[in-house]
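Have a look at the structure below before the remarks.
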Amino acid sequence: MYRFLPFSVFFICLALGCTPKNEQPKEETSKVTFYKSHELKKASAPFSDVVQVGNTYYLSGQIGMHHGSRTLVSGGIKAETTQTLENIKDVLAQYQMEMSQVVKAMVVLDDINDFAAFNEIYATYFPQKPARTTFAVEALARGAKIEIEVIAVKN
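With my numbering applied, the sequence shown has no gaps in its numbers, which climb one by one up to 156 at the end.
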């Protein structure tokens, strides 16, 4: 009779959904929210500026375009990097977040030779050093020299 006890306990736990102490129960699936742009001129864009999943915010890529005039700033990679990061800062502010909440960045340059100049500006915006991927491509939208997208976590 006692030799079947372990099997009985196992099947009872299986039926009741018991989990071992070292195993965490699965979390519920987080709600996904797609947000339109805060910029009126981008309201009909075929993408969301931000997608929220739980407390994680995925921001679409930003380029060095002045949001008011919708034109690229002049002055080369340093000026475009600064404007790009200011644009990210503005989007984060729409959701009561700051640059310090960025945990991942993806940087796309149109010329890998601009890496050092971009990195000099970038480091001043992200002292927490989020994870980052950087690569170069042949061309970016609107002739931009840089595009950056980020992931941020709201505490």
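Quick reminder that beta carbons are idealized off the backbone N, C-alpha and C, glycines included. Quick caveat, the model's predicted, so the values are computed rather than measured.
Margin query: Spatial neighbours of G144 within its chain, please: C-beta separation below 6 Å, excluding the five flanking residues on both sides.
Written below: none
Next item on the list: Check each candidate in Y126, V33, T83 and name the one with the smallest Cα separation from M100.
Entry: Nearest Cα to M100 within the set Y126, V33, T83: Y126.
Next item on the list: Can you grab the Cα-Cα spacing for the pair I122 / S31, in whole Å?
Entry: 35 Å
Next item on the list: Report the residue from V51, N156, E148, K155 whose alpha carbon sits nearest the alpha carbon of I78.
Entry: E148
Margin query: Quick test of the definition: if touching needs 3 or more C-beta pairs under 8 Å, does the stretch 65 to 76 touch the stretch 108 to 121?
Written below: no
Margin query: List, from N- to C-terminal side, the beta strand (DSSP E) runs of 3 residues or more that fit wholly inside the stretch 45 to 131.
Written below: 51 to 54, 57 to 60, 103 to 110
Check: According to DSSP, is R143 helix, strand or coil?
Finding: helix
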